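K.L.:
So the sequence lines, in the order shown, correspond to chains A and B. Each position in the first sequence, counted from 1, maps to that position plus 766 in the numbering used here. Each position in the second sequence, counted from 1, maps to that position plus 1 in the numbering used here. Just dropping this structure here.
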Amino acid sequence: MEEYMLIFRHENAQNQVSPEQMQAWMKQTMNWIGSIAAQNKYSGGNGLPFDDARVVRATGADAIVTNGPFGDIKETIGGYIIVKGESVDEAVEFAKGCPILMGEGNSVEVRRIARGEVS
Amino acid sequence: MGSTPYSSMEQSPLLPHLFRTEFSRISAVLTRLLGVEHLEAAEDIASETFLLALETWPYKGIPDNPTAWLYTVAKNKARNHFHRHQLFTKKIVDQLYDESEESADPEIDLSEQNITDSQLQMLFAVCHPSIPREAQVGLALRTLCGFGIDEIATAFLTNKETINKRLYRAREKLRQEQVAIELPSETEIDQRLDAVLTTLYLLFSEGYYSESHDAVLREDLCLEAMRLCYLLRENERTNQPPVNALLALMCFHASRFPARRNANGELVLYHEQDESLWNQELITKGAWYLQQASQGSHLTKYHLEASIAYWHTIKADTPEKWETILQLYNRLLQLEYSPIAALNRTYALAQANGKAEAIREAEKLQLTSTPYYYTLLGELYREIDSHKARQHFEKALQLAKTQVDKQHILKKIATFE
Numbered sequence: 767m768e769e770y771m772l773i774f775r776h777e778n779a780q781n782q783v784s785p786e787q788m789q790a791w792m793k794q795t796m797n798w799i800g801s802i803a804a805q806n807k808y809s810g811g812n813g814l815p816f817d818d819a820r821v822v823r824a825t826g827a828d829a830i831v832t833n834g835p836f837g838d839i840k841e842t843i844g845g846y847i848i849v850k851g852e853s854v855d856e857a858v859e860f861a862k863g864c865p866i867l868m869g870e871g872n873s874v875e876v877r878r879i880a881r882g883e884v885s
Numbered sequence: 002m003g004s005t006p007y008s009s010m011e012q013s014p015l016l017p018h019l020f021r022t023e024f025s026r027i028s029a030v031l032t033r034l035l036g037v038e039h040l041e042a043a044e045d046i047a048s049e050t051f052l053l054a055l056e057t058w059p060y061k062g063i064p065d066n067p068t069a070w071l072y073t074v075a076k077n078k079a080r081n082h083f084h085r086h087q088l089f090t091k092k093i094v095d096q097l098y099d100e101s102e103e104s105a106d107p108e109i110d111l112s113e114q115n116i117t118d119s120q121l122q123m124l125f126a127v128c129h130p131s132i133p134r135e136a137q138v139g140l141a142l143r144t145l146c147g148f149g150i151d152e153i154a155t156a157f158l159t160n161k162e163t164i165n166k167r168l169y170r171a172r173e174k175l176r177q178e179q180v181a182i183e184l185p186s187e188t189e190i191d192q193r194l195d196a197v198l199t200t201l202y203l204l205f206s207e208g209y210y211s212e213s214h215d216a217v218l219r220e221d222l223c224l225e226a227m228r229l230c231y232l233l234r235e236n237e238r239t240n241q242p243p244v245n246a247l248l249a250l251m252c253f254h255a256s257r258f259p260a261r262r263n264a265n266g267e268l269v270l271y272h273e274q275d276e277s278l279w280n281q282e283l284i285t286k287g288a289w290y291l292q293q294a295s296q297g298s299h300l301t302k303y304h305l306e307a308s309i310a311y312w313h314t315i316k317a318d319t320p321e322k323w324e325t326i327l328q329l330y331n332r333l334l335q336l337e338y339s340p341i342a343a344l345n346r347t348y349a350l351a352q353a354n355g356k357a358e359a360i361r362e363a364e365k366l367q368l369t370s371t372p373y374y375y376t377l378l379g380e381l382y383r384e385i386d387s388h389k390a391r392q393h394f395e396k397a398l399q400l401a402k403t404q405v406d407k408q409h410i411l412k413k414i415a416t417f418e
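Okay, structure coming up:
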């Protein structure tokens, strides 16, 4: 059994959504995660709030810190979950149900988590 | 004064009652005093004390204060044991100690406070991480709840030999690891408390879901788990939010005891229960403990399960009720997966979002080895496809192991005739 990270990419997080819509999405997301957990395939996850986010560029004394991740970046990461799966295809099946995908331009990236193997 | 011997003893449940409460108190105090390596000796002394009561009281009458009588006898027996043991060790150690260093009698303190402290410390010793879970539950039943080997074997649906072996190994382990009878240190307490709560949770579940036909025994198991949990609540250091959450959970479940069995002792399922039989006092208490549990930020499975159990004390089916229960199950499963939680979540989903969605979700679970998976599917298909529903119930019947389950499924199948 492998672990896969499903990364939620939002096209434009500044889009205005109504509180009702937010509530509905939240419920759908909780049920989606609950469904994966009910299949004993959920390993963990976190939302990544946009407020108080920073972007750091360059290093040491040259470092430039900006309030991020907005601005010139069109795509932002809103969160991730980690699922268990026999193959990437199984993880993709989970990803297909992600309510984030209902937002236009949004995507879910599926990445296998390396387990200290020699590459 | 107790003029008729055995007959009156049998009528009054005095001795069994005293045994249940005092056996564990005496053995806890003595074990704490003598050390965990003498756990069995402490239990023997407690047993002998009751034996003497059984041999004496029928002829001399029941003493005015039976508990005090038991304590006096236990103290004397403990002193004798102490001397015997000391003599024995002396021979072995062979004059290692100065002859003049004669140790005084140990003080055997059977005060309420010391009994409570000893039992609490014993609880932590019994739930030491070196002892396997199953053995912890058995040892807790024997040592802390005063259950007989027969009763433990009945509760676990196994035989006396198995239980004896299990207890023997657990006591050996306590001895080898030299487990101290004390409350764990501040830094250790959270982790150790986790193990204690798991054992109490298992102890309660053992009683609540046991297949054993002995209804009284089953309830006793649950009540003992509640008593021990309450002991944790009463101590400042162990009165933590998860303890309150677990106690709340137990109260909510226990509130349904009178409604769970019909006159024939058969299990009555939640939806068919007469809610006027639910114990409102326990429900109120549970709600209070749950409120106490909500301090702090650490959310445990006990919090979630207690909240789910709380919503089940409200019989009316409202959208709010099932939506809340669904979300609680979603979180519970993220914290700790279990097949039964997965099935219950799907049931809640059906109530909240409809059967079609629940069927899609249920079919993903593939819990094909448990009859409950098929009874759930049968229930979900009932109004949608009665042929499929019936097939699922028949599959469930093939898988059902207990008489109670089989009867329940047969009733369901009969509704399709």
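For each residue, glycine too, the CB sits at the ideal point set by N, CA and C. Note that this is a predicted model, so its numbers are computed, not measured.
B/Y290: buried (16+ other C-beta within 10 angstroms of its C-beta) or exposed?
P.N.:
To locate residue 290 of chain B, count along the second sequence from 1; it is residue 289. Classification of B/Y290: buried, given that the 10 Å Cβ count is 16 or more.
K.L.:
Please give the ranges of any alpha helix (DSSP H) in the stretch 264–294 of chain B, keeping only runs that are unbroken, at least 4 residues long and fully inside the region.
P.N.:
Runs found: 281–294.
K.L.:
Between the stretch 65–80 of chain B and the stretch 162–175 of chain B, are three or more C-beta pairs nearer than 8 Å?
P.N.:
Segments in contact, no.
K.L.:
Closer than 7 Å by beta-carbon distance: list the chain B residues that pair up with A/G871, in chain order.
P.N.:
Taking the first residue of the first sequence as 1, we reach residue 871 of chain A at position 105. Going along chain B, no residue has its Cβ under 7 Å from A/G871, so there is no contact; the nearest lies around 27 Å.
K.L.:
For B/L15 versus B/L55, is the C-beta spacing smaller than 8 Å?
P.N.:
Translated into positions along the second sequence, residue 15 of chain B becomes position 14. Translated into positions along the second sequence, residue 55 of chain B becomes position 54. Cβ atoms of B/L15 and B/L55: not closer than 8 Å.
K.L.:
State whether the stretch 257–269 of chain B contacts the stretch 230–244 of chain B, with contact taken as three or more CB pairs (one from each stretch) at a distance under 8 Å.
P.N.:
No, because fewer than three Cβ pairs between the stretch 257–269 of chain B and the stretch 230–244 of chain B fall closer than 8 Å, the two stretches do not touch.
K.L.:
B/A343 CB to nearest chain A CB: under 8 Å?
P.N.:
One-based indexing of the second sequence puts residue 343 of chain B at position 342. Yes, B/A343 counts as interfacial toward chain A.
K.L.:
Quick one: list the residues of chain A neighbouring B/T347, beta-carbon separation under 8 Å, in chain order.
P.N.:
The sequence position of residue 347 of chain B within the second sequence is 346, counting from 1. Going along chain A in sequence order, the residues near B/T347 (Cβ under 8 Å) are A804.
K.L.:
Would B/K402 be called buried (16 or more neighbouring beta carbons within 10 Å of its own) or exposed?
P.N.:
By 1-based counting over the second sequence, the position of residue 402 of chain B is 401. It is exposed - the Cβ of B/K402 has fewer than 16 other Cβ atoms within 10 Å.
K.L.:
Beta carbons nearer than 7 Å to chain B: which residues of the stretch 783–801 of chain A have them?
P.N.:
Within the stretch 783–801 of chain A, the residues whose Cβ lies closer than 7 Å to some Cβ of chain B are M796, N797, I799, G800, S801, listed in chain order.
K.L.:
Can you give the Cα-Cα distance for A/K862 and B/F125, rounded to whole angstroms?
P.N.:
The residue labelled residue 862 of chain A in the question sits at position 96 within the first sequence. The residue labelled residue 125 of chain B in the question sits at position 124 within the second sequence. Spanning the two alpha carbons is a distance of roughly 47 Å.
K.L.:
DSSP on B/F417, reduced to helix/strand/coil?
P.N.:
Stepping through the second sequence from its first residue, residue 417 of chain B is reached at position 416. Reduced to three states, the DSSP call for B/F417 is coil.
K.L.:
On the criterion of 16 or more Cβ atoms from any shown chain inside 10 Å, does A/I866 qualify as buried, or is it exposed?
P.N.:
Reading the first sequence from its first residue, position 100 is the one you call residue 866 of chain A. Under this definition A/I866 is a buried residue.
K.L.:
Give a yes or no on whether the minimum CB-CB distance between B/K365 and chain A is below 8 Å.
P.N.:
Working through the second sequence from its first residue, we reach residue 365 of chain B at position 364. True, the Cβ-Cβ gap to chain A drops below 8 Å.
K.L.:
Which residue spans inside the stretch 351–403 of chain B form an unbroken alpha helix (DSSP H) run of at least 4?
P.N.:
Whole alpha helix (DSSP H) segments, 4+ residues: 356–366, 372–382, 387–400.
K.L.:
Given a limit of 9 Å on CB to CB distance, which residues of the stretch 374–393 of chain B reach chain A?
P.N.:
Those residues of the stretch 374–393 of chain B that come within reach of chain A (Cβ to Cβ, closer than 9 Å) do not exist; the list is empty.
K.L.:
Measuring alpha carbon to alpha carbon, tell me which residue in A/C864, A/R881, A/I879, A/R878 is nearest A/K793.
P.N.:
Position 27 of the first sequence holds residue 793 of chain A. A/K793 has its Cα closest to that of A/C864, out of A/C864, A/R881, A/I879, A/R878.
K.L.:
Distance check for A/I848 and A/G810, CA to CA, integer angstroms please.
P.N.:
Counted from its first residue, the first sequence places residue 810 of chain A at position 44. Counted from its first residue, the first sequence places residue 848 of chain A at position 82. Spanning the two alpha carbons is a distance of roughly 5 Å.
K.L.:
Hey, out of B/T22, B/R21, B/A75, whose CA is closest to B/D45's CA?
P.N.:
By 1-based counting over the second sequence, the position of residue 45 of chain B is 44. Comparing Cα-Cα distances from B/D45 to each of B/T22, B/R21, B/A75, the minimum goes to B/A75.
K.L.:
Determine whether the beta carbon atoms of B/H129 and B/L184 lie at a separation below 8 Å.
P.N.:
As a position in the second sequence, residue 129 of chain B is number 128, starting the count at 1. As a position in the second sequence, residue 184 of chain B is number 183, starting the count at 1. For B/H129 and B/L184, no; Cβs fall outside 8 Å.
K.L.:
Comparing the C-beta of B/Y338 with each C-beta of chain A, is any distance below 8 Å?
P.N.:
Counting from one through the second sequence, the residue named residue 338 of chain B turns up at place 337. With 8 Å as the cut-off, B/Y338 counts as an interface residue toward chain A.
K.L.:
Which partner residues does B/V180 have in the DSSP bridge list?
P.N.:
Taking the first residue of the second sequence as position 1, residue 180 of chain B is located at position 179. Answer is none; B/V180 lacks a bridge partner.
K.L.:
What are the complete alpha helix (DSSP H) segments, minimum 4 residues, inside the stretch 101–143 of chain B?
P.N.:
Qualifying alpha helix (DSSP H) stretches, in chain order: 113–127, 134–140.
K.L.:
So, does the stretch 327–344 of chain B touch the stretch 281–289 of chain B, judging by three or more C-beta pairs under 8 Å?
P.N.:
No, the stretch 327–344 of chain B is not in contact with the stretch 281–289 of chain B.
K.L.:
Rank A/A819, A/T842, A/Y808, A/P815 by C-alpha distance to the C-alpha of A/E852 and give the top, closest one.
P.N.:
Within the first sequence, numbered from 1, the residue matching residue 852 of chain A stands at position 86. The candidate whose alpha carbon is nearest that of A/E852 is A/Y808.
K.L.:
On the DSSP bridge assignment, give the partners of A/L772 in chain order.
P.N.:
Here residue 772 of chain A refers to the residue found at position 6 of the first sequence. The partner list for A/L772 (beta bridge, DSSP) reads A/I847, A/V876.
K.L.:
Since A/S809 is in the beta strand (DSSP E), which residue starts that stretch and which ends it?
P.N.:
By 1-based counting over the first sequence, the position of residue 809 of chain A is 43. 808–813 is the span of the beta strand (DSSP E), which, as asked, contains A/S809.
K.L.:
Between the C-alpha atoms of B/T376 and B/I414, what's the straight-line distance to the nearest angstrom?
P.N.:
What you label residue 376 of chain B is simply residue 375 of the second sequence in a count that begins at 1. What you label residue 414 of chain B is simply residue 413 of the second sequence in a count that begins at 1. Approximately 10 Å between the Cα atoms of the pair.
K.L.:
Do A/A804 and B/L334 have their CB atoms nearer than 8 Å?
P.N.:
As a working mapping, residue 804 of chain A is identified with position 38 in the first sequence. As a working mapping, residue 334 of chain B is identified with position 333 in the second sequence. Their beta carbons are under 8 Å apart, which means A/A804 touches B/L334 by this criterion.
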